[in-house]
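Novice: Position in the sequence shown (from 1) plus 376 gives the number in my numbering.
What follows is a structure written as structure tokens; I'll ask about it next.
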Amino acid sequence: MKDVAGRTAFVTGGASGMGLAMVRSFAAAGMNVAVADIEQQALDRVAAEFAGSNGAVITIQLDVTDRAAMERAAEATEQAFGNVHVVCNNAGVAVGGNVDEMSYADWDWVLGVNVDGVVNGVQTFTRRIEAHGEGGHFVNTASMAGHIAVPGLSVYTASKFAVVGLSEVMRNDLAAKGIGVSVLCPGVVRTNIFDSGRNRPEDLAAETDTAAALLRGEGDQAEQEARMAQILAGALDADVVGDMVLHAIQNDEFYIFTHPEIAEITNARYQDMQAAFARWTEYRKTQGV
């Protein structure tokens with residue numbers, strides 16, 4: 377989709393972090409943008425930011441786990457701008473801790489937002505984009521944790537592997553219908569993901585204090601906060617990601633990797649898999665199966 381001016385984008389988790397970066401990049405490129413987010417105060421800040429600009433931006437409060445609300449958000453966007461062309465399923469949350477420390481509430485919350493939230497966006501908008509026949513593009517936000525196992529992030533990693541797999545299937549299923557797909561796989565980006573518990577619903581409240589578990593390791597709270605500061609010191613600025621996503625849409629790039637240096641780790645995983653294939657090939661030979 378080379379020419380995006382005048383097209384309409386719908387962005388979940390769009391009031392902060394990478395979602396807001398996408399909104400800014402899209403608006404600067406002349407797109408109409410519907411900003412969907414669960415945080416009304418953040419939406420109010422976005423509305424104020426664009427109030428004095430020429431950007432065509434509306435805000436919609438949305439819990440992406442609510443399918444009926446997603447449908448209403450789609451209708452509101454169409455009423456404001458007409459057909460939707462770009463859908464960025466970006467809303468996401470994280471909880472830290474080893475797999476044996478997780479509760480059902482942890483699983484339900486993270487998978488509900490990170491996986492079901494993407495599914496709801498796909499289900500709601502695919503038929504709409506197919507129906508108007510003007511082409512379109514989905515951007516699903518995953519993570520490098522969708523390609524490599526991250527110790528201490530069991531639930532989050534599982535959710536992001538799911539998003540990568542779904543996106544790869546969508547790419548094949550929708551290509552013939554003129555709908556592109558990208559999967560955003562960032563490394564550490566300066567966002568509020570480490571504070572996502574602020575939006576955790578009461579009925580899925582954490583059974584234990586896992587907020588600091590994202591850092592894992594020994595030390596008191598001050599030491600953990602120092603480690604977090606060190607992690608974020610090398611983080612990529614979110615605004616850079618917005619331009620990368622726009623580039624991917626315009627050039628039909630599937631994988632969006634913000635940190636190419638992580639390729640070494642993914643290569644090591646691939647080599648482990650190839651070695652396992654070789655061992656099992658030998659096993660079948662020796663067993664005659």
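For glycine and all other residues, C-beta sits at the position ideal for the given N, C-alpha and C.
This one's a predicted model, so the numbers in the text were calculated from it and none came from an experiment.
With DSSP as the reference, label D413 as helix, strand or coil.
Specialist: Here D413 sits in strand by DSSP.
Novice: Which one of G528, R504, A456 and V617 has the shortest CA to CA distance from V475?
Specialist: Comparing Cα-Cα distances from V475 to each of G528, R504, A456 and V617, the minimum goes to G528.
Novice: What is the C-beta distance between T642 and H523, in whole angstroms, given that I count them as a contact (C-beta under 8 Å)?
Specialist: T642 to H523, Cβ: 5 Å. Contact.
Novice: Quick one: grab the DSSP three-state call for L529.
Specialist: Reduced to three states, the DSSP call for L529 is strand.
Novice: Per DSSP, A385 forms a beta bridge with which residues?
Specialist: The partner list for A385 (beta bridge, DSSP) reads V409 and V462.
Novice: Report, in whole angstroms, the separation of the C-beta atoms of V668 and G382, which I expect to be a contact under 8 Å.
Specialist: An answer regarding residue 668 cannot be provided, because it is not within the stretch 377 to 665 covered by the chain.
Novice: Distance check for A427 and T586, CA to CA, integer angstroms please.
Specialist: Note that T586 scores 48 on pLDDT, short of 50, meaning its location in the model is unreliable and no value can be drawn from it.
Novice: Measuring straight from C-alpha to C-alpha, what distance separates I625 and L396?
Specialist: Their backbone Cα atoms lie some 16 Å apart in a straight line.
Novice: Taking a contact to mean a Cβ-Cβ separation below 8 Å, would you say M377 touches G511 in this structure?
Specialist: Going by C-beta atoms, M377 is nearer than 8 Å to G511.
Novice: Need the endpoints of the alpha helix (DSSP H) that V498 sits in, please.
Specialist: That run of the alpha helix (DSSP H) goes G493 to H508.
Novice: Can you tell me whether A614 is buried or exposed, with buried defined as 16 or more other CB within 10 angstroms of its CB?
Specialist: Answer is buried; the Cβ neighbour count reaches 16.
Novice: Within the continuous alpha helix (DSSP H) that includes V616, where are the two ends?
Specialist: It spans A614 to N627 - the alpha helix (DSSP H) in which V616 sits, taken as one unbroken run.
Novice: Give me, in chain order, the residues of the same chain whose beta-carbon lies closer than 8 Å to that of E506; leave out the 5 immediate sequence neighbours on both sides.
Specialist: Once the five neighbours on either side are set aside, the close Cβ partners of E506 are K553 and I555.
Novice: Alpha carbon to alpha carbon, what distance is there between R421 and S429?
Specialist: Computed Cα separation, rounded: 14 Å.
Novice: Is it the case that the Cβ atoms of T441 and F386 are separated by a distance below 8 Å?
Specialist: For T441 and F386, no; Cβs fall outside 8 Å.
Novice: On a Cα-Cα basis, can you pick out the residue from M620, R645, E640 and N627 that is closest to T634?
Specialist: The shortest Cα separation from T634 among M620, R645, E640 and N627 belongs to M620.
Novice: Which same chain residues, not among the five before or five after S530, have their C-beta less than 8 Å away from its C-beta?
Specialist: For S530, where only same-chain residues beyond five positions count, the Cβ hits under 8 Å are G473, N474, V475 and M478.
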